[in-house]
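What follows is one structure encoded as structure tokens, with my remarks underneath.
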Amino acid sequence: MTAPAPLTTAEAVALLGATARGRAVAVRRLVDPAGLDGGASPGFPGDGTVVVVPRLDAAGWSRCRAAGVAAVVTVAAADADLPAPDAGDPARWLVADPRLALARLSRRLDARPPVAAVGVHPTAAIDPDARLGERVAIGPHAVVAAGAVLADDVVVGPGSCIGAGARLGRGTVLRERVVVADGVVIGERCLLQAGAVVGSDGFGFASGPRGAERIHQLGTVVLGDDVEVGANACVDRATLGATVVGDRSKLDNLVQVAHNVRLGTDVLVAGQAGIAGSTTVGDRVVLGGAAGIADHVRIGDDARIAGGAGVSKSVPAGEAWGGYPAQPIARWARERYLIGRLEAIWAFVKGRA
Amino acid sequence: MTAPAPLTTAEAVALLGATARGRAVAVRRLVDPAGLDGGASPGFPGDGTVVVVPRLDAAGWSRCRAAGVAAVVTVAAADADLPAPDAGDPARWLVADPRLALARLSRRLDARPPVAAVGVHPTAAIDPDARLGERVAIGPHAVVAAGAVLADDVVVGPGSCIGAGARLGRGTVLRERVVVADGVVIGERCLLQAGAVVGSDGFGFASGPRGAERIHQLGTVVLGDDVEVGANACVDRATLGATVVGDRSKLDNLVQVAHNVRLGTDVLVAGQAGIAGSTTVGDRVVLGGAAGIADHVRIGDDARIAGGAGVSKSVPAGEAWGGYPAQPIARWARERYLIGRLEAIWAFVKGRA
Amino acid sequence: MTAPAPLTTAEAVALLGATARGRAVAVRRLVDPAGLDGGASPGFPGDGTVVVVPRLDAAGWSRCRAAGVAAVVTVAAADADLPAPDAGDPARWLVADPRLALARLSRRLDARPPVAAVGVHPTAAIDPDARLGERVAIGPHAVVAAGAVLADDVVVGPGSCIGAGARLGRGTVLRERVVVADGVVIGERCLLQAGAVVGSDGFGFASGPRGAERIHQLGTVVLGDDVEVGANACVDRATLGATVVGDRSKLDNLVQVAHNVRLGTDVLVAGQAGIAGSTTVGDRVVLGGAAGIADHVRIGDDARIAGGAGVSKSVPAGEAWGGYPAQPIARWARERYLIGRLEAIWAFVKGRA
Chain A
3 MTAPAPLTTA EAVALLGATA RGRAVAVRRL VDPAGLDGGA SPGFPGDGTV
53 VVVPRLDAAG WSRCRAAGVA AVVTVAAADA DLPAPDAGDP ARWLVADPRL
103 ALARLSRRLD ARPPVAAVGV HPTAAIDPDA RLGERVAIGP HAVVAAGAVL
153 ADDVVVGPGS CIGAGARLGR GTVLRERVVV ADGVVIGERC LLQAGAVVGS
203 DGFGFASGPR GAERIHQLGT VVLGDDVEVG ANACVDRATL GATVVGDRSK
253 LDNLVQVAHN VRLGTDVLVA GQAGIAGSTT VGDRVVLGGA AGIADHVRIG
303 DDARIAGGAG VSKSVPAGEA WGGYPAQPIA RWARERYLIG RLEAIWAFVK
353 GRA
Chain B
3 MTAPAPLTTA EAVALLGATA RGRAVAVRRL VDPAGLDGGA SPGFPGDGTV
53 VVVPRLDAAG WSRCRAAGVA AVVTVAAADA DLPAPDAGDP ARWLVADPRL
103 ALARLSRRLD ARPPVAAVGV HPTAAIDPDA RLGERVAIGP HAVVAAGAVL
153 ADDVVVGPGS CIGAGARLGR GTVLRERVVV ADGVVIGERC LLQAGAVVGS
203 DGFGFASGPR GAERIHQLGT VVLGDDVEVG ANACVDRATL GATVVGDRSK
253 LDNLVQVAHN VRLGTDVLVA GQAGIAGSTT VGDRVVLGGA AGIADHVRIG
303 DDARIAGGAG VSKSVPAGEA WGGYPAQPIA RWARERYLIG RLEAIWAFVK
353 GRA
Chain C
3 MTAPAPLTTA EAVALLGATA RGRAVAVRRL VDPAGLDGGA SPGFPGDGTV
53 VVVPRLDAAG WSRCRAAGVA AVVTVAAADA DLPAPDAGDP ARWLVADPRL
103 ALARLSRRLD ARPPVAAVGV HPTAAIDPDA RLGERVAIGP HAVVAAGAVL
153 ADDVVVGPGS CIGAGARLGR GTVLRERVVV ADGVVIGERC LLQAGAVVGS
203 DGFGFASGPR GAERIHQLGT VVLGDDVEVG ANACVDRATL GATVVGDRSK
253 LDNLVQVAHN VRLGTDVLVA GQAGIAGSTT VGDRVVLGGA AGIADHVRIG
303 DDARIAGGAG VSKSVPAGEA WGGYPAQPIA RWARERYLIG RLEAIWAFVK
353 GRA
């Protein structure tokens, strides 16, 4: 563990946009509120800890005091009903958005070891024709092929493979055993989880006289900045042109993005969802877990697709759809309601038939 | 192939709790009953083979004799109607549970080569600050980071990566290219299939002024004893605290277990099923293939979820649910029945409207 | 990039079975028709390019001329309404099947770098008891275990692992980090995408007195010729005997094929679909994305299963099924129609109850 520097009340106020109540403290560790009930969080409670409790009530406040945490972060709106912190009590840092505060504390107090030590591990196989920026870290048994370009501060985890001519933007991190195939272009500050594959061949065949003939996939993949790709998720290269994932879009584990898909910016794709070939997904779209989108359709900006939904046609911007086959959520709910009336309907029909 | 020692009738009686009929034999190889029909099993029939036929009838007995197997294992209840084995016939080993007998024979007669030869392959990258127990085997190009602790008899397959501070219990086996990320704790006698990822980051973001901000995942994963994780399956680390998989639970290929999920003991999760964040799954639960469970729900002990089901709310202990959205199986079946009456209902309504 | 030799009109006529109109040209690069509208294809338009426009109309022809492509491939039937190419115009290559022409052009003009340079990379860990044919290429950090046999022209990508006694047929290509476990048999000209796992253990357990006991999976996997396996897809080995994938069958990314499944020839399995244990799938079957097939059923030859369908029983040859639970497509459509009448039915019942 690489211990982060202590976070003081003054820094927390700036980092979180918080109002601080109670004593000035310094925290080193973010702990799980479940630990307040004697739960599983190792090492809890302890000195120098901070906990985020989205909406603190009197009972929660008692638990925080009993646990001896140094500071508790909660929504400002919940503070009015609580007693002021005493001299020995935890500090209270009041924020507008506890989840955003959690994100920032988690980053600031991240003590996890880096994926790879700074520098290039002696077992990494780096082609002499690859270009590495400043402070690039490459883990054991990683492979970087000819013509690959890694910008400053790129981290390549152990066993990851970077293909010929691929480009990784500044600060992008590949965890363990990631594949970035030849020619793929990845933006800045992206994070690819273990086992992710970017740039595998799209699934394209033509019927020939002796069975399917492969359509070679000559295109590429372009990921924008701040994109994340989950563990063992796959993004296929385009047949021609590029499969595109827009800035700040996040793909969860085991997601499939087929060839020639275009994902907009700020898209969230939950685990095991899949998007078939040549489909376009607008900005800020949210796909629930295991949702499936057919090929050659268009999901409009800000649309939301329920978990498990099977979308076989285009979805207008801003709409929420669910079901299999998917339809607008309100219509799906109405359909479920009417199906729930079938017992009464059937009794009525039987009684009069 | 590493030939196992021959299994004698006496040993089989003890191993399987069997009653032996016919001659005393010794077997070296467990063969596929499909091979009795001249099917695909290579090298079948042959001397020194044993076959498990769950319920042996006269025709099956004839095939076993013709094939020249040394012994046939079947359920005791099926034996009464068969002629006693003659001197040259296969032995019959009668058991209460042929499937359990199959499990034990398969283990006893496993001739597959070990994942990695005993010892540490010279190409493995072992940090000097990792601690290795007795008889640990580490395959080519595996990576073990600083602070990792591998108990006695651990096997790490080729290309597998073990992160900083991870701990593997005695006798745990990682096959090819497994990732156990930093800080993950794995119990004894676990088996992780090729490509499994344990300890990838949970999918957690907060909305910030410039798009999603990552919630760093500072927690870990704890797998109990005798846990199995399938090929290319993923278990995410918790945001804080731990994602937990209880003793003897088994995850099939391509399963997704999200952050902060708690799986009980003896849980079976079939291929491509997924469990979203912070959901609790009780003991002895069975999830069918591609079933999906929403986040923040609770699946009670002994519940059974049908393949393909989409569970969006909590399921009481002991219940069987199916459908999308999922509901109790009996209600789902009734709903399917009533939908099947719609043709008649519609005809009735049209006739009277 | 390894520039392919230019493709002349004469060669194209032979390769594509095309009728050529207009001037004789030579092309080096296949470009994306989306680029005709000033889209994403890098380097488009340009000299020496060919584009496939499945059905060319007057507007498309104008765009091709404006873009300066050297040749356009289109269906012969569309040509009658277009003006004859002038001297400076692109050539028109008329074919019966533009998609098949695309496949052949894509192969002929594939300029992607090979997965691994010819030869064995010095960091590959090749057991001295492995047998390698002529012109075998093995990438960095690949692992080939004892007794493995690689036929001529096999390519093993970086980080791929080949288990003891596995056999790869002539011309088979493994991309990055593929796992072919011990004893697996793969035919000729197969293509395994990054992260694919072939030969992981099937998911088989028996209930014992102290919980599940693993049924060791002693069988293997046999892939025919010209089989493709997608990125992070899994094919489990059989308990006994073999899991079989027939010639020319293609599995997309994240597909799961469980133990003892038998897939016929020319089967297409789209992304994230799964086939449970011991199920038989006939020849030329097509499974849509995320379709799930239960265990121990039979899908007849030429059956077609819709994306997202959940098949829980056998499907007769030649039928198209969809829905969850799946049923014949026409019945599913009728059911959806009748559910759409529920609003009227319910109003009728309420008005008379």
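Chains as they are written, first to last, in this note's numbering: chain A, 3 to 355; chain B, 3 to 355; chain C, 3 to 355.
Built from N, CA and C at the ideal position, the CB exists for glycine as well.
Since we're looking at a predicted model, the values are computed, not measured.
Please confirm whether residue i and residue j have their CB atoms less than 7 Å apart.
| i | j | result |
| --- | --- | --- |
| ALA113/A | GLY24/A | no |
| VAL29/C | GLY62/C | no |
| GLY159/C | GLY141/C | yes |
| CYS192/A | LEU225/A | yes |
| ALA198/C | VAL180/C | yes |
| GLU17/A | SER108/A | It is worth fixing the name first, because residue 17/A is Leu in this sequence and not Glu. No, the pair does not count as a contact, with Cβ atoms beyond the cut-off. |
| GLU215/B | ALA105/A | yes |
| GLY325/C | GLY309/C | no |
| ALA311/B | ALA293/B | yes |
| THR281/C | ALA127/A | no |
| ALA103/C | VAL75/C | yes |
| GLY201/A | VAL187/A | no |
| THR267/C | ASP249/C | yes |
| ASP154/C | GLY171/C | no |
| ASP34/C | GLY243/A | yes |
Find the residues of chain B that neighbour residue i, judging by a C-beta separation of less than 8 Å, and give them in chain order.
| i | result |
| --- | --- |
| LEU289/A | Correct list: empty, because the minimum Cβ distance to chain B is about 12 Å. |
Since residue i meets chain C, which of its residues come closer than 9 Å, beta carbon to beta carbon?
| i | result |
| --- | --- |
| ILE341/B | GLU337, LEU340 and ILE341 |
| THR125/B | THR125, ALA127, HIS143 and VAL145 |
Going along chain A, which residues have a C-beta under 7 Å from residue i?
| i | result |
| --- | --- |
| ALA233/C | VAL199, SER202 and CYS236 |
| ILE217/B | LEU104, ALA105 and SER108 |
Residues in the same chain with beta-carbon distance under 6 Å from residue i, minus the five sequence neighbours each way, listed in chain order, please.
| i | result |
| --- | --- |
| ALA150/B | ALA132, ILE164 and ALA168 |
| ARG177/A | VAL117, GLY159, GLN195 and ALA196 |
| VAL120/B | ALA139 |
| LEU270/C | LYS252 and VAL288 |
| ILE341/C | none |
| ARG300/B | THR282 and SER316 |
Name the chain C residues that come within less than 7 Å of residue i, Cβ to Cβ?
| i | result |
| --- | --- |
| ARG179/A | ARG179 |
| GLN258/A | ASN255, LEU256, GLY273 and GLN274 |
| TRP348/B | LEU340, ARG343 and ILE347 |
| ARG65/A | By Cβ distance, chain C contributes nothing, its closest Cβ being about 36 Å from ARG65/A, past 7 Å. |
Given a threshold of 16 other Cβ atoms within 10 Å of its Cβ, counted over all protein chains shown, does residue i qualify as buried or as exposed?
| i | result |
| --- | --- |
| LYS252/C | buried |
| ARG356/C | This structure cannot speak to residue 356/C, because chain C is shown only from 3 to 355. |
| ARG354/B | exposed |
| HIS298/B | exposed |
| ALA162/A | The sequence given here places Ser at residue 162/A; Ala does not occur at that position. Buried, because 16 or more other Cβ atoms sit within 10 Å of the Cβ of SER162/A. |
| PRO130/C | exposed |
| THR21/A | exposed |
| ALA42/B | For ALA42/B, the predicted model reports a pLDDT of 46, less than 50, meaning its position is unreliable; a value from the coordinates is still stated below. Counting Cβ neighbours within 10 Å, ALA42/B comes out buried, since at least 16 surround it. |
| GLU230/C | buried |
| THR245/B | buried |
| ALA272/A | buried |
Short of 8 Å in beta carbon distance, which residues of its chain neighbour residue i, apart from the five on each side in sequence? Order them along the chain.
| i | result |
| --- | --- |
| ALA319/B | GLY284, GLY302, ASP303, ASP304 and ALA305 |
Can you list the residues of chain B that residue i reaches, using a CB-CB cut of under 9 Å?
| i | result |
| --- | --- |
| ILE140/A | None at all; the shortest Cβ gap to chain B is about 12 Å. |
Can you pull the chain C residues whose beta carbon is under 8 Å from the beta carbon of residue i, in chain order?
| i | result |
| --- | --- |
| LEU220/A | LEU32, SER108, LEU111, ASP112, ALA113 and ARG114 |
| ARG101/A | Under the 8 Å cutoff, chain C gives no residues; its nearest Cβ is about 30 Å from ARG101/A. |
Who are the near neighbours of residue i in its chain, counting only those whose CB is closer than 7 Å to its CB and skipping five residues on each side?
| i | result |
| --- | --- |
| PRO100/A | VAL54, PRO56, VAL75, THR76 and VAL77 |
| GLY206/B | ILE217, GLN219, THR241 and HIS261 |
Run down chain B in chain order and give the residues with a C-beta less than 7 Å from the C-beta of residue i.
| i | result |
| --- | --- |
| ARG133/C | Result: empty, since nearest Cβ-Cβ is about 16 Å, beyond 7 Å. |
| GLY90/C | Residues of chain B passing the Cβ test: none, with the nearest at roughly 49 Å. |
Short-range partners of chain C found in the segment 283-316 of chain B, where Cβ spacing is below 8 Å: GLY291, ALA292, GLY309 and GLY310
Chain-ordered residues of the segment 183-198 of chain B with a beta carbon less than 9 Å from chain A: ALA183, ASP184, GLY185, GLY197 and ALA198
Proximal residues, the segment 66-85 of chain B versus chain C, C-beta separation under 7 Å: none
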